[in-house]
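Asker: Residue numbers (my numbering), protein chains in the order written: chain Z, 1 to 239; chain D, 1001 to 1239; chain B, 2001 to 2239; chain X, 3001 to 3239.
Think of the CB as a built atom: it goes at the ideal place given N, C-alpha and C, for glycine as much as any other residue.
Protein chains: 4
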Amino acid sequence: MKIIVEENYAQMSRVAANLLLGKMYQNKRVNLAITAGSTPVKMYEYLIEDVKNKTYLDNVHYYNFDEIPYKKKSGYGVTMNNLNKLFFEPAAINPDQIHPLDETNYKTQDLRIEQDGGLDLILLGIGADGHYCGNLPGTTTFEDLTSYVGEDATEDMQEILLSEVGGDENERPNFYVTMGPKSVMQAKEIVLFATGKKKAKIIKQAFFGPVTNNVPASLLQVHPNLTIILDKEAASEIL
Amino acid sequence: MKIIVEENYAQMSRVAANLLLGKMYQNKRVNLAITAGSTPVKMYEYLIEDVKNKTYLDNVHYYNFDEIPYKKKSGYGVTMNNLNKLFFEPAAINPDQIHPLDETNYKTQDLRIEQDGGLDLILLGIGADGHYCGNLPGTTTFEDLTSYVGEDATEDMQEILLSEVGGDENERPNFYVTMGPKSVMQAKEIVLFATGKKKAKIIKQAFFGPVTNNVPASLLQVHPNLTIILDKEAASEIL
Amino acid sequence: MKIIVEENYAQMSRVAANLLLGKMYQNKRVNLAITAGSTPVKMYEYLIEDVKNKTYLDNVHYYNFDEIPYKKKSGYGVTMNNLNKLFFEPAAINPDQIHPLDETNYKTQDLRIEQDGGLDLILLGIGADGHYCGNLPGTTTFEDLTSYVGEDATEDMQEILLSEVGGDENERPNFYVTMGPKSVMQAKEIVLFATGKKKAKIIKQAFFGPVTNNVPASLLQVHPNLTIILDKEAASEIL
Amino acid sequence: MKIIVEENYAQMSRVAANLLLGKMYQNKRVNLAITAGSTPVKMYEYLIEDVKNKTYLDNVHYYNFDEIPYKKKSGYGVTMNNLNKLFFEPAAINPDQIHPLDETNYKTQDLRIEQDGGLDLILLGIGADGHYCGNLPGTTTFEDLTSYVGEDATEDMQEILLSEVGGDENERPNFYVTMGPKSVMQAKEIVLFATGKKKAKIIKQAFFGPVTNNVPASLLQVHPNLTIILDKEAASEIL
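(1) According to DSSP, is glycine 2150 of chain B part of a helix, a strand, or is it coil?
(2) Rounded to whole angstroms, how far is the Cβ of isoleucine 1068 of chain D from the Cβ of proline 1173 of chain D, which I believe are closer than 8 Å?
(3) Give me the Cα-Cα distance between leucine 3111 of chain X and threonine 3139 of chain X, rounded to the nearest whole angstrom.
(4) Going by alpha carbons, who is nearest to phenylalanine 2065 of chain B out of B/Tyr2148, B/Glu2089, B/Glu2143, B/Gln2011?
(5) What do you reckon, are the CB atoms on threonine 1227 of chain D and lysine 1002 of chain D nearer than 9 Å?
(6) Kindly list, in the order they appear in chain D, the residues whose Cβ is closer than 9 Å to that of alanine 206 of chain Z.
(7) Short check: CB of lysine 1188 of chain D to CB of leucine 1083 of chain D, under 9 Å?
(8) Taking CB distances under 9 Å as the criterion, tell me whether histidine 2223 of chain B reaches chain X.
(9) Are glutamate 237 of chain Z and glycine 196 of chain Z close, meaning C-beta to C-beta below 9 Å?
(10) Less than 8 Å between the CB atoms is what I'm expecting for glutamine 109 of chain Z and tyrosine 62 of chain Z, so what's the real figure, rounded?
(11) For the beta strand (DSSP E) containing tyrosine 62 of chain Z, list its first residue and its last residue.
(12) Using a Cβ cut-off of 7 Å, which residues of the stretch 3055-3066 of chain X contact any Cβ in chain Z, in chain order?
(13) Let me know if leucine 2032 of chain B comes out buried or exposed under the rule of 16 or more other beta-carbons within 10 Å of its beta-carbon.
(14) Taking 9 Å as the CB-CB limit, is glutamate 237 of chain Z close to chain D?
(15) At 3 residues or longer, what runs of the beta strand (DSSP E) sit wholly inside the stretch 1158-1235 of chain D?
(16) In the DSSP output, which residue or residues are listed as bridge partners for leucine 32 of chain Z?
(17) Below 8 Å on C-beta distance, what does leucine 2153 of chain B contact in chain X?
(18) Cα separation between tyrosine 2056 of chain B and alanine 1016 of chain D?
(19) Threonine 146 of chain Z: buried (16+ other C-beta within 10 angstroms of its C-beta) or exposed?
(20) Taking all protein chains shown into account, decide if phenylalanine 3087 of chain X is buried (16 or more other Cβ within 10 angstroms of its Cβ) or exposed.
(21) If distances are taken between C-alpha atoms only, which option among B/Gly2125, B/Gly2127, B/Ser2074, B/Asn2094 comes closest to threonine 1971 of chain B?
(22) Measure the C-alpha to C-alpha separation of tyrosine 205 of chain Z and histidine 2223 of chain B and round it to an integer number of angstroms.
(23) In terms of residues, what are the limits of the beta strand (DSSP E) holding isoleucine 1113 of chain D?
(24) Compare the C-beta of lysine 2 of chain Z against all C-beta atoms of chain X and say whether one is closer than 9 Å.
(25) Would glycine 125 of chain Z pass as an interface residue toward chain X - the criterion being a Cβ-Cβ separation below 9 Å?
(26) Measuring only the C-alpha atoms, how far is tyrosine 2009 of chain B from aspartate 2231 of chain B?
(27) Of all the CB atoms in chain D, is at least one closer than 9 Å to the CB of alanine 2009 of chain B?
(28) Are the CB atoms of leucine 1101 of chain D and leucine 1020 of chain D within a distance shorter than 9 Å?
(29) Give me whichever residues DSSP pairs with histidine 2131 of chain B in a beta bridge.
(30) Leaving out five residues before and five after glutamate 1171 of chain D in sequence, what residues of the same chain have Cβ atoms less than 8 Å from its Cβ?
(31) Taking the C-alpha atoms as reference points, what is the distance between histidine 3099 of chain X and glutamine 2221 of chain B?
(32) Could you check the C-alpha separation between aspartate 168 of chain Z and alanine 36 of chain Z for me, to the nearest Å?
(33) So with CB distances below 8 Å, who are the chain D contacts of arginine 2014 of chain B?
(34) Would you mind telling me which residues of chain Z sit closer than 9 Å to tyrosine 3025 of chain X, beta carbon to beta carbon, in chain order?
(35) Would arginine 2973 of chain X pass as an interface residue toward chain D - the criterion being a Cβ-Cβ separation below 9 Å?
(36) In the DSSP assignment, find the alpha helix (DSSP H) that holds isoleucine 3048 of chain X and state where it starts and stops.
Right, dumping it as structure tokens:
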């Protein structure tokens, strides 16, 4: 476990971008699973600059690791829409290099990734509850591969799903899909990043506390190649 | 997770020996943590033949991953004595290539291994209770690094320690030391092997059941580079 | 460059088999380019025992690195016929795992191997003239990828081709194809083995002398991951 | 061989910096051999920003690959002085992480690097004559490890040495030391970068022409993990 603490959000984002770029410049297929959400916004801004229209990076393949479908709207779900907006579109990534996970193919996600040569790196955020990908406390357990999580998985799941689709009841799905803890641990390298005071407590709990399904991200601390990138605020309880 | 099922104990042992030998022939330092006990007896017979007096294998370094000290007898404890008898002495391994873990240095074991470049491979057996190394149910938990386990750790620990020193009350120690789950998971590759009907149930439980501290070896199923070598009997519940 | 010197041909062959087997036991596709000829006969005997009917080795893919077509006979050429007889047939290798190079596809050999993920290991013999694969002095030069070599490439090429088809003038081809020096050097690991007094001089010349196209194998000494396995006779001029 | 062509010198420098940074963020010792001269000036500017005072990069070790001693001045020679000015000092690199090669230790350079675990990456520039490190045409040959090159090695060597010390006859040395072609090829990864029209011809010659001692850098094209980073002008003859 390597812990990198940076001054602020922008510098944390620059390190994350550098780390991903360093993986990309290879003369072989490189498979990256990347995260949507708010933490990576700045990192994608940096990445776009270094990735857009670079044909020499056509060896890089991208995977999303969870998806929340819209109930009615056709096309991509919440995660892929977000990734498109944050990165794939502004960086003009060729669709051939994007491998969407969704409700139609989640059962073969682990096999497909294995056949593609495995993930070289998976980039994760972390929630204040210790979740990463769609592995929320009470949904999946450590031995799970890519999974279907129904609206009844936890007490507040319907509420969570509603919030994920922007509060639009018509679009609230009754499930989502996610790579499970065991899927994520198969990656050759795991990078997790976090920003802000609100993440300080869970960072301590997940990486310096017990490995327990109650704190899903706590499993990651036993991966042989884990890097954690934090700004000072997110690191404030471990320094 | 790659599962190799072989016809019988001898062939399972040959595959384990081949796999270790394949790691050894490199033009760089290779760090192996290896297991004592009864499962590896035949494998060491094969290895000795291919390793003895081979100066071209002086790049290989060996680590024990647990130690049970004798109460009075000075010198090596139970594990290193066993490894000496099974392998180091008959294979005439140079002492410079052997890095004993014991009660005097267990607190720095993880750091020393990291400074040596990390373990390239750790070879493990498994107990019918799901233990590996000295990680018995109730002793260590997943987040533990190399640990001291006292005679009060579990109800039957005094009995276990007595049995480990051959039933000699004068030599029964009141503790042992072991690399913990988190230490083991840092290895670049984990190989676990098992033989016989008596291991069939735990193999199923540990590698196809939940990841839980009640079955310590169950954690290994989430390592990104795990190989399990079984004979048909040990595999009989998973085929 | 790691040099392994063994007592005799049988032990040299065992080490080569061990080294290849060690590569095979992985939970991912493994690409091996292997050699025909007389040097590997014993090694294949060992390998067959450990590979035959092992479905857990269906991740291993095999490539030949040169081919001498028969002029009239249809089907495989000299190299693939030899590999079939020595290894593929007795080891019952699934045809899906065999990727023949021949005169119809040699122009895409390098691209195909790259798309398959590259060679994990290439096993080479060496001729008394310093050739490996079909890279004889005067045929290819260091910068060549997979190449066509015509009967006029060197003065004695017609004679060599005649000898390769057993002296049958009706079957003497007027060319052969071979992976070139640059193709071979792209492999992640190169293993070269040699047996007998008659190879002692070229071993010294190729690996302890100048890197020159006059001694094609001399280029291999600059590969970052080269292992040379010799019996005592083949090593007699370098000890 | 992966070729990256960027718009201009600044962007080429940014890619080189990204690639090096990507190597650095690891939880293990990382050994980099880096180049002095004019090509890397901008790259070091970028690197300094991301490396200065970052204690989490204390796992990175730096090596120079050649040295031209001053005749009289004591202390570092031309290369280390230049590296100090361009990078080590402004980036505040800890001296423990810097491993100077000089005339007193060049004979053990290859062994020391091997014992340190080998070079993870070597970053090279290229001269219009095809030289890299101190491997000028007529000085070393492909099979050479780290070498001493005397003032009589080539006709114009005295002049070259004079120019290297800024034309000061009192300081002109009568030799320099350099890692040889075989030393450089042992690195796990080679990155070569070039800028400007004046390098366009040698880029074509070295990487798309014959492998010959007359063009020392031509050997690099057979390394299994070579990346070439160019701006458009340097790439103008190969596009």
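Answerer: According to the data block:
(1) Numbered from its first residue, the third sequence carries residue 2150 of chain B at position 150. In the structure shown, glycine 2150 of chain B adopts extended strand secondary structure according to DSSP, grouped into three states.
(2) Stepping through the second sequence from its first residue, residue 1068 of chain D is reached at position 68. Stepping through the second sequence from its first residue, residue 1173 of chain D is reached at position 173. With 8 Å as the limit, isoleucine 1068 of chain D and proline 1173 of chain D qualify as a contact, their Cβ atoms being about 6 Å apart.
(3) Working through the fourth sequence from its first residue, we reach residue 3111 of chain X at position 111. Working through the fourth sequence from its first residue, we reach residue 3139 of chain X at position 139. Their Cα atoms are separated by approximately 22 Å.
(4) Your numbering for residue 2065 of chain B matches position 65 in the third sequence. The candidate whose alpha carbon is nearest that of phenylalanine 2065 of chain B is B/Tyr2148.
(5) Translated into positions along the second sequence, residue 1227 of chain D becomes position 227. Translated into positions along the second sequence, residue 1002 of chain D becomes position 2. Yes, Cβ-Cβ distance for threonine 1227 of chain D and lysine 1002 of chain D is below 9 Å.
(6) Numbered from 1 along the first sequence, position 206 holds the residue referred to as residue 206 of chain Z. What alanine 206 of chain Z touches in chain D, judged by beta-carbon distance under 9 Å, is nothing: the nearest beta carbon there is about 10 Å away.
(7) Along the second sequence, read from residue 1 onward, the residue named residue 1188 of chain D stands at position 188. Along the second sequence, read from residue 1 onward, the residue named residue 1083 of chain D stands at position 83. Not closer than 9 Å, so no.
(8) The count along the third sequence starts at 1 and reaches residue 2223 of chain B at position 223. Closer than 9 Å: yes.
(9) Here residue 237 of chain Z corresponds to residue number 237 of the first sequence, with the count starting at 1. Here residue 196 of chain Z corresponds to residue number 196 of the first sequence, with the count starting at 1. Not closer than 9 Å, so no.
(10) Taking the first residue of the first sequence as 1, we reach residue 109 of chain Z at position 109. Taking the first residue of the first sequence as 1, we reach residue 62 of chain Z at position 62. Contact flag wrong, Cβ pair sits at about 14 Å.
(11) Taking the first residue of the first sequence as position 1, residue 62 of chain Z is located at position 62. Element bounds for tyrosine 62 of chain Z: 60-64.
(12) Cβ contacts with chain Z: Tyr3056.
(13) Position 32 of the third sequence holds residue 2032 of chain B. With 16 or more Cβ atoms within 10 Å of its Cβ, leucine 2032 of chain B is classed as buried.
(14) The residue labelled residue 237 of chain Z in the question sits at position 237 within the first sequence. Glutamate 237 of chain Z does not count as touching chain D.
(15) Whole beta strand (DSSP E) segments, 3+ residues: 1175-1178, 1190-1194, 1226-1231.
(16) Residue 32 of chain Z sits at position 32 when you count from the first residue of the first sequence. Beta-bridge pairing links leucine 32 of chain Z to Z/Tyr62, Z/Leu121.
(17) Numbered from 1 along the third sequence, position 153 holds the residue referred to as residue 2153 of chain B. In the sequence under discussion, the amino acid at residue 2153 of chain B is alanine, which differs from the leucine named in the question. Near alanine 2153 of chain B there are no residues of chain X at all, since even the closest Cβ is about 17 Å away, more than 8 Å.
(18) Locating residue 2056 of chain B in the third sequence gives position 56, where the first residue counts as 1. Locating residue 1016 of chain D in the second sequence gives position 16, where the first residue counts as 1. Between tyrosine 2056 of chain B and alanine 1016 of chain D, the C-alpha separation is close to 14 Å.
(19) Here the question's residue 146 of chain Z lines up with position 146 in the first sequence. Threonine 146 of chain Z is buried by the Cβ-count criterion.
(20) Reading the fourth sequence from its first residue, position 87 is the one you call residue 3087 of chain X. Classification of phenylalanine 3087 of chain X: buried, given that the 10 Å Cβ count is 16 or more.
(21) There is no way to answer for residue 1971 of chain B, as the model of chain B reaches only from 2001 to 2239.
(22) Taking the first sequence and counting its residues from 1, the one referred to as residue 205 of chain Z is at position 205. Taking the third sequence and counting its residues from 1, the one referred to as residue 2223 of chain B is at position 223. Correcting the residue type first, residue 205 of chain Z is glutamine in the shown sequence and not tyrosine. As the crow flies, the alpha-carbon of glutamine 205 of chain Z is around 47 Å from that of histidine 2223 of chain B.
(23) Here residue 1113 of chain D corresponds to residue number 113 of the second sequence, with the count starting at 1. Counted as a single uninterrupted DSSP element, the stretch harbouring isoleucine 1113 of chain D is not any beta strand (DSSP E) but the alpha helix (DSSP H) occupying residues 1109-1115.
(24) In the first sequence, counting from the first residue as 1, residue 2 of chain Z sits at position 2. At a cut-off of 9 Å between beta carbons, lysine 2 of chain Z contacts chain X.
(25) Within the first sequence, the letter at position 125 stands for residue 125 of chain Z. Taking CB atoms only, glycine 125 of chain Z has no neighbour in chain X less than 9 Å away.
(26) As a working mapping, residue 2009 of chain B is identified with position 9 in the third sequence. As a working mapping, residue 2231 of chain B is identified with position 231 in the third sequence. Roughly 6 Å separates the two Cα atoms.
(27) As a working note, residue 2009 of chain B is residue 9 in the third sequence. Reading off the sequence, residue 2009 of chain B comes out as tyrosine, not alanine. No, because no Cβ of chain D sits closer than 9 Å to the Cβ of tyrosine 2009 of chain B.
(28) Your numbering for residue 1020 of chain D matches position 20 in the second sequence. Your numbering for residue 1101 of chain D matches position 101 in the second sequence. Not in contact: leucine 1020 of chain D and leucine 1101 of chain D (Cβ atoms no closer than 9 Å).
(29) Here residue 2131 of chain B is taken as the residue at index 131 of the third sequence, counted from 1. Bridge partners of histidine 2131 of chain B: none, in fact.
(30) Counting from 1 along the second sequence, the entry for residue 1171 of chain D is found at position 171. Beyond the five residues adjoining it in sequence on each side, glutamate 1171 of chain D comes within less than 8 Å, by CB distance, of Tyr1070, Lys1071, Lys1072, Lys1073, Val1165 in the same chain, given in chain order.
(31) Here residue 3099 of chain X corresponds to residue number 99 of the fourth sequence, with the count starting at 1. Here residue 2221 of chain B corresponds to residue number 221 of the third sequence, with the count starting at 1. Near 26 Å, if we compare the C-alpha coordinates of glutamine 2221 of chain B and histidine 3099 of chain X.
(32) Within the first sequence, the letter at position 168 stands for residue 168 of chain Z. Within the first sequence, the letter at position 36 stands for residue 36 of chain Z. Inter-residue distance for aspartate 168 of chain Z and alanine 36 of chain Z is about 20 Å (C-alpha atoms, whole angstroms).
(33) Translated into the one-based positions of the third sequence, residue 2014 of chain B becomes position 14. Neighbours of arginine 2014 of chain B on chain D, chain order: Asp1050.
(34) Mapped onto the fourth sequence, residue 3025 of chain X falls at position 25. Per Cβ cutoff of 9 Å: Lys2, Ile4, Val15, Asn18, Leu19, Gly22, Val191, Thr227, Ile229.
(35) For chain X, the structure presents residues 3001 to 3239; residue 2973 of chain X sits outside this window and is missing.
(36) Locating residue 3048 of chain X in the fourth sequence gives position 48, counting from the first residue. Annotation for isoleucine 3048 of chain X: the continuous alpha helix (DSSP H) segment containing it runs 3041-3051.
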